[in-house]
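Since the structure comes first, as structure tokens, the remarks are kept for the end.
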Amino acid sequence: MVETGGPLGVPEDVVDRVPETPSVLQHNDLGTWNIISDGRSFTAVDWEAARHSGLPLWDLFYFAADVFAHIDGPADVSTRIERTLRVFAGESAHSPRLFRWIRAAATALDVPNSALGALATLCWLHHGQSPARREMDLRGAAHAPLGHHPLLAPAWLGHPGLGVSWAALNG
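Under our numbering, think of the first position of the sequence shown as 1373, with each following residue one higher.
Dropping the structure here:
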């Protein structure tokens, strides 16, 4: 469950902006660290957070946010957030590739472009709640440093080309 209408300014109707969509097998943590490749093929590993009926495109958003945050070299968390925002906002040389991937996946799943901003917003809000869930699940374990995914929601919602409307993709 994703909370809406709170301090981030998430519209109360964000869930209503997603029309009926097909549910998909969702890895829910599809970063490069969970991909193994021999150079000819690949497989995704570590399915502990998977859902058999997840929202479409979340894994693509998550994977793209990881790949495009690192493609230009090592960076700290704030730089990875900035790189991710630039790519998703259409402000990066990598943006056309991302937009092609998203449009192709949305078309294949019959997800209208008008729903993509709400789907992405829900994705980032969900992952923003990950640290609290992890803390509960790992009671007393050593803290791991946060990556940039759990920190994207406020920046996503505050960027004029992103957010629930995702104007950069739909413009």
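In this text, a Cβ means the ideal position worked out from N, Cα and C, and glycines have one as well. None of these values were measured; they are calculated from a predicted model.
Buried or exposed by the 16-neighbour rule on C-beta atoms within 10 Å, applied to residue i
| i | result |
| --- | --- |
| residue 1499 | buried |
| residue 1428 | buried |
| residue 1546 | Outside the shown range of the chain (1373 to 1543) lies residue 1546, about which nothing can therefore be said. |
| residue 1373 | Low local confidence applies: a pLDDT of 44 at residue 1373 is under 50, so the model's placement there is unreliable, and no value is given. |
| residue 1397 | exposed |
| residue 1520 | buried |
| residue 1417 | exposed |
| residue 1514 | exposed |
| residue 1494 | buried |
Endpoints, alpha helix (DSSP H) assigned at residue i
| i | result |
| --- | --- |
| residue 1530 | 1524-1530 |
| residue 1450 | 1449-1460 |
| residue 1489 | 1488-1500 |
| residue 1541 | 1539-1542 |
| residue 1439 | 1430-1442 |
| residue 1479 | 1467-1480 |
Span of the beta strand (DSSP E) around residue i
| i | result |
| --- | --- |
| residue 1415 | 1414-1416 |
| residue 1408 | 1407-1409 |
| residue 1425 | 1423-1426 |
| residue 1396 | 1396-1398 |
Pair within 8 angstroms by beta-carbon distance, residue i and residue j
| i | j | result |
| --- | --- | --- |
| residue 1402 | residue 1449 | no |
| residue 1536 | residue 1393 | no |
For residue j and residue i, believed in contact at Cβ under 8 angstroms, the rounded distance
| i | j | result |
| --- | --- | --- |
| residue 1612 | residue 1457 | Absent from the model: residue 1612. The displayed extent of the chain is 1373 to 1543, so no value can be given. |
| residue 1539 | residue 1533 | 5 angstroms |
| residue 1487 | residue 1391 | 6 angstroms |
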